Amino acid sequence: MEPSRPCEIRPIVPDADAAADAPANAEFRDLVRVRNAVEAHTLGISSLSQTVEELLPRLTDDPHRRYHHVGAWVEGELVGRGLLILPRAEGSVTARGVVDVLPERRGAGIGTALLAELEDLAAAEGRHVLQVDVAHGTDPGAEQLASPTGFGHVPADDPGARFLVRNGYRLEQVLRVSRYDLGNPGQDEAPPEPDDDFALHAWVGATPPQWCDDLAVLKTAMSTATPSGDLTVTETVWTADDVRDRDARQVRRGRTLLTVLAEHRPTGRLVGLTEIEVPADDRPAFQEDTLVLPGHRGHGLGIRLKRRNLRELRRHAPDATTLLTFNAEENRPMLAVNEALGYRAIAHEGSWEKRRE
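Take 211 as the starting number for the sequence shown in this note's numbering and just add one per residue.
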C-alpha cells in the first residue's frame with residue numbers, strides 16, 4: 211500500500227468465460243455489491259440494482275470497448291470501485307470513468323485516490339479526455355450549477371458535483387431521467403398504422419439475419435446523433451457481426467431486447483429504430499436507443515416507433531410496471547415525444563468532462 215493513499219488500490223479482472231459464481235469472479239461479485247449499494251443510496255431506490263450475471267457480459271471487453279476495473283480496500287474490505295471504459299474507435303482520445311465509494315467510507319480521500327488511478331490509466335492509454343456520468347440529487351431551493359447547453363442544472367452542493375468540481379471536471383450536459391408508468395393503460399394506444407412509405411417491424415431477442423446490416427448502420431448513426439453539448443464524441447462504427455455479438459451478450463445477461471424498426475418501403479432500407487431492454491424479474495425495463503435518420507424525420511416516426519414498442523412490452527412482459535429512459539435536456543424533440551406518451555421526470559444525471567492536454 212502506498213503511504214499517501216487511504217486505501218489499497220489494485221485491479222479487479224473478471225473472467226467473462228467463467229460462471230458468475232466461480233472463484234475467479236469473487237472480487238467482481240464484491241464490486242457489484244459496492245456498485246448497487248452506491249446507486250441505491252444516491253437514487254433512494256434499490257430497484258435499479260443489477261446482478262453479477264447481468265453485469266459480467268456487459269462490463270467485460272467487447273468489439274467496441276475495453277474495460278478496466280479497480281478496487282479500493284481498507285483493512286481487507288472492498289469499500290470502493292473504479293471503472294475505466296476505453297472506446298476502441300480509431301483515433302479516440304476519450305475514456306469514461308466511474309467512481310463509487312460506500313457512503314459510510316466517504317470523506318477519507320478514497321474517491322479521490324480512485325479517480326487519480328483512473329486518470330493515470332487513461333493517460334497511459336493515450337486518452338487525454340476523461341468523461342464521467344453521475345446521478346445527482348434534486349434540491350430546487352438550492353444554488354444550481356447550470357448546464358452550458360442552456361438546458362438543465364444540478365444542485366451545486368450535491369456531493370457528486372462538489373467532488374468533480376474539486377477535481378477539475380466541468381459540467382457539460384444534463385440528462386433527464388424519466389419514468390413511464392405501465393399501470394396506466396391507454397397511454398400508448400394509437401390509430402391504425404397509416405398506409406404510407408413506412409412499415410414497422412417488431413421482434414423479441416436476436417435480430418433477424420436480413421436486418422443485421424441495416425441495424426448496424428442505424429447503431430453507427432446513433433453513436434453521434436444524440437445531442438452531446440461540447441462533450442468530445444467519436445463515431446462508433448458497427449458491423450453486422452457487432453449486432454450479433456450484442457444479441458448474444460443480451461442472452462448471457464438474461465435480459466430480453468424488444469426492437470421495433472421502421473422500413474422505408476420505396477428503398478427497402480431501415481431508417482428508424484427503438485429498443486427496450488427487459489429484465490427477467492419485476493425490476494424496471496429500460497428504453498434504450500431511439501433514432502430516426504435525418505432524411506426521414508418529420509413523419510411522426512419517433513412516436514410511432516415508441517408506441518409500437520410499448521405495446522410489445524405489454525405483450526411480452528404483462529407484469530412490468532415501470533419503464534425508464536435517459537435523454538439530454540436539450541433534446542426537445544425526443545422529450546416532447548416522451549411527454550406526449552406520459553413519461554414524467556424523476557431525476558437528473560450530469561455528464562462531466564476533464565481534458566488533460
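For glycine and all other residues, C-beta sits at the position ideal for the given N, C-alpha and C. None of these values were measured; they are calculated from a predicted model.
For D271, no alpha helix (DSSP H) run applies, since DSSP gives it neither H nor E. Uninterrupted alpha helix (DSSP H) stretches at least 4 residues long and entirely within the stretch 227-297 occur at 236-253, 262-268, given in chain order.
The C-beta distance from P365 to D349 rounds to 5 Å, short enough to meet the 8 Å contact threshold. Between the stretch 430-439 and the stretch 525-545, the count of C-beta pairs closer than 8 Å reaches three or more; the two stretches touch. In its chain, beyond the 5 residues on either side, V414, G415, D457, Q460, E485, I486, E487, V488, E498 have a beta carbon closer than 8 Å to the beta carbon of L467.
R554: member of the beta strand (DSSP E) spanning 554-565, first to last residue. For A426, the enclosing alpha helix (DSSP H) stretches over residues 422-435. With respect to the 9 Å criterion, G301 and V311 are not classified as neighbours on the basis of their beta carbons.
In this chain, N548 is not harboured by any beta strand (DSSP E); it is covered by the alpha helix (DSSP H) spanning 542-551.
Note: W413 is bridge-paired with T469 in the DSSP secondary-structure output.
For A305, the enclosing beta strand (DSSP E) begins and ends at 304-311.
Taking C-beta separations shorter than 6 Å and ignoring five residues to either side along the sequence, the partners of A490 in its chain run G464, following chain order. Taking C-beta separations shorter than 7 Å and ignoring five residues to either side along the sequence, the partners of A345 in its chain run T252, L253, A557, E559, following chain order. In chain order, L428, L471, L501 place their CB closer than 6 Å to the CB of L483, counting only its own chain and leaving out the 5 sequence neighbours on each side.
Annotation for V384: the continuous beta strand (DSSP E) segment containing it runs 380-391. Secondary structure of T322 (DSSP, three-state): helix. Note on I219: 16 or more other CB atoms within 10 angstroms of its CB, so buried under the neighbour-count rule. Within the model, the alpha-carbon separation for H506 versus D405 is close to 16 Å. By the neighbour-count criterion, in which a residue is buried when 16 or more other Cβ atoms sit within 10 angstroms of its Cβ, P297 is buried. By the Cβ neighbour-count rule, T477 is exposed, with fewer than 16 other Cβ atoms within 10 Å of its own. Between the alpha carbons of V248 and R475 lies a distance of about 48 Å. Note that the C-beta distance between I513 and A555 is not below 9 Å. Burial is judged here by how many other beta carbons sit within 10 angstroms of a residue's own beta carbon; G378 has fewer than 16 and is exposed.
Of the other Cβ atoms in all chains shown, 16 or more fall within 10 Å of the Cβ of R337; this residue is therefore buried. Using a Cβ distance threshold of 9 Å, Y390 and T535 count as a contacting pair. Looking at the DSSP output, G482 bridges to A472, V502.
Distance between T449 and D529, taken at the CA atoms: about 34 Å. Considering only H411, L410, T430, the residue with the shortest C-alpha distance to D452 is T430. Its chain contains E539, E540 as the residues whose beta carbon lies nearer than 6 Å to that of F361, once the 5 sequence neighbours on both sides are disregarded; these appear in chain order.
Nearest Cα to L325 within the set T469, R376, L545, A352: R376. For A371, the secondary structure class from DSSP, reduced to helix, strand or coil, is helix.
For R220, the uninterrupted beta strand (DSSP E) run begins and ends at 218-222, by DSSP. For V447, there is no enclosing beta strand (DSSP E), as DSSP marks it with neither H nor E. Closest option to P419, judged by alpha-carbon separation, among V443, D455, T446: D455.
Counting the other Cβ atoms within 10 Å of the Cβ of E329 gives 16 or more, which makes it buried. Within the same chain, H278, L294 come within 6 Å of L331 by CB-CB distance, once the 5 residues on both sides are set aside.
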